[in-house]
Amino acid sequence: AQKVTQAQTEISVVEKEDVTLDCVYETRDTTYYLFWYKQPPSGELVFLIRRNSFDEQNEISGRYSWNFQKSTSSFNFTITASQVVDSAVYFCALNSNSGYALNFGKGTSLLVTP
Amino acid sequence: EPEVTQTPSHQVTQMGQEVILRCVPISNHLYFYWYRQILGQKVEFLVSFYNNEISEKSEIFDDQFSVERPDGSNFTLKIRSTKLEDSAMYFCASSETPPASVAFFGQGTRLTVV
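Chains as they are written, first to last, in my numbering: chain A, 10 to 123; chain B, 357 to 470.
As structure tokens, this is what we get:
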């Protein structure tokens with residue numbers, strides 16, 4: 010069975026602080042894919058990043074960075090110098106060769122205040 | 357940039373009525389999906405559809421649900437006899453070849469059953 014755990018339900022930070030959103034996953038498959046999606050208050054789901062299980066290189070995109078560690082089954086997401094527009098619910102998700110479905114975590118609600 | 361579009365954005369229906377939610381996937385994508393998100397909860401997989409047939413479905417997708425690709429562009433989700441607990445945001449998504457390909461989501465249809 011596959012499982013994604015986002016232990017942080019809500020995080021509140023002040024603008025310009027750095028914040029890390031945790032994601033821990035479980036899967037028996039050796040080939041799998043990890044994703045982060047953002048859900049702003051308007052409700053849509055916006056794709057942020059995909060990582061496959063064979064690529065543990067960390068990735069940086071502007072103020073966003075992702076730390077993938079197979080040894081701890083984690084795929085954490087850091088926002089540097091947070092901004093009010095980063096306020097949203099962030100979902101970590103997992104997919105693998107055993108099916109078509111994306112398995113989502115419960116999400117972390119991030120509130121960035123001025 | 358290509359996107360998945362869903363109509364309507366919000367639908368209110370009476371318990372026991374049939375509803376059809378509509379989606380136009382990204383044109384060169386081959387796989388289509390429906391997910392739902394009950395208010396404040398995680399995003400849950402309902403069904404995937406490929407080559408005019410269901411490729412995978414969850415236990416949520418029971419006999420009251422059906423999907424169809426009535427023409428070359430639309431993809432629909434029908435709920436035959438709505439219940440109060442069907443109230444949720446329904447997301448359509450599409451992708452190239454899973455699990456590696458990114459699933460891009462529409463903006464969602466908020467279904468309210470009264």
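Note that the Cβ used here is the ideal one computed from N, Cα and C, for glycine as well.
Small disclaimer: the values here were computed from a predicted structure and weren't measured.
> Given a limit of 7 Å on CB to CB distance, which residues of the region 443-458 of chain B reach chain A?
Replying inline: When CB distances to chain A are screened at a threshold of 7 Å, the residues of the region 443-458 of chain B falling below it are Met-445, Phe-447, Pro-454, Pro-455, Ala-456 and Val-458, in chain order.
>> According to DSSP, Cys-379 (chain B) sits in a beta bridge with which residue or residues?
In response: In DSSP, Cys-379 (chain B) forms a bridge with B:Gln-362 and B:Phe-431.
> Are any of the Cβ atoms in chain B nearer than 9 Å to that of Gly-71 (chain A)?
Replying inline: It does not: the Cβ of Gly-71 (chain A) has no partner Cβ on chain B nearer than 9 Å.
> Roughly how far, in whole angstroms, is the beta-carbon of Glu-53 (chain A) from the beta-carbon of Gln-463 (chain B), given that I think they are within contact range, below 8 Å?
Replying inline: With a contact defined as Cβ atoms closer than 8 Å, Glu-53 (chain A) and Gln-463 (chain B) qualify at about 4 Å.
> Helix or strand or just coil, what does DSSP make of Thr-40 (chain A)?
Replying inline: Note: Thr-40 (chain A) maps to coil in three-state DSSP.
> When the Cα of Pro-358 (chain B) is compared with those of B:Glu-374, B:Ile-382 and B:Gln-373, which residue comes out closest?
Replying inline: Looking at B:Glu-374, B:Ile-382 and B:Gln-373, the one whose alpha-carbon comes closest to that of Pro-358 (chain B) is B:Ile-382.
>> Val-403 (chain B) and Val-380 (chain B) - do their beta-carbons sit closer together than 9 Å?
In response: For Val-380 (chain B) and Val-403 (chain B), no; Cβs fall outside 9 Å.
> With a cut-off of 8 Å, do at least 3 Cβ pairs link the region 449-467 of chain B to the region 363-370 of chain B?
Replying inline: Output reads yes: the region 363-370 of chain B touches the region 449-467 of chain B.
> Within this structure, are the beta carbons of Val-55 (chain A) and Tyr-34 (chain A) separated by less than 9 Å?
Replying inline: It is not a contact, given that the beta carbons lie outside the stated cut-off.
>> Between which residues of its own chain and Gln-397 (chain B) is the CB-CB distance below 6 Å, once the five residues before and five after are set aside?
In response: By the criterion of a C-beta distance shorter than 6 Å, Gln-397 (chain B) is surrounded by no residue of its chain, once the five residues flanking it on both sides are discounted.
>> Does chain B have any CB closer than 9 Å to the CB of Glu-53 (chain A)?
In response: It does: the Cβ of Glu-53 (chain A) has a partner Cβ on chain B nearer than 9 Å.
> In angstroms, rounded to a whole number, what distance separates the CA positions of Tyr-391 (chain B) and Phe-447 (chain B)?
Replying inline: Taken atom to atom, the span from the alpha-carbon of Tyr-391 (chain B) to that of Phe-447 (chain B) is near 5 Å.
> Span of the beta strand (DSSP E) holding Arg-466 (chain B)?
Replying inline: Boundaries of the beta strand (DSSP E) around Arg-466 (chain B): 465-469.
> Looking at C-alpha atoms only, which residue of A:Asp-95, A:Thr-29 and A:Ser-70 is the closest neighbour of Ser-83 (chain A)?
Replying inline: Among A:Asp-95, A:Thr-29 and A:Ser-70, the Cα nearest to that of Ser-83 (chain A) is on A:Thr-29.
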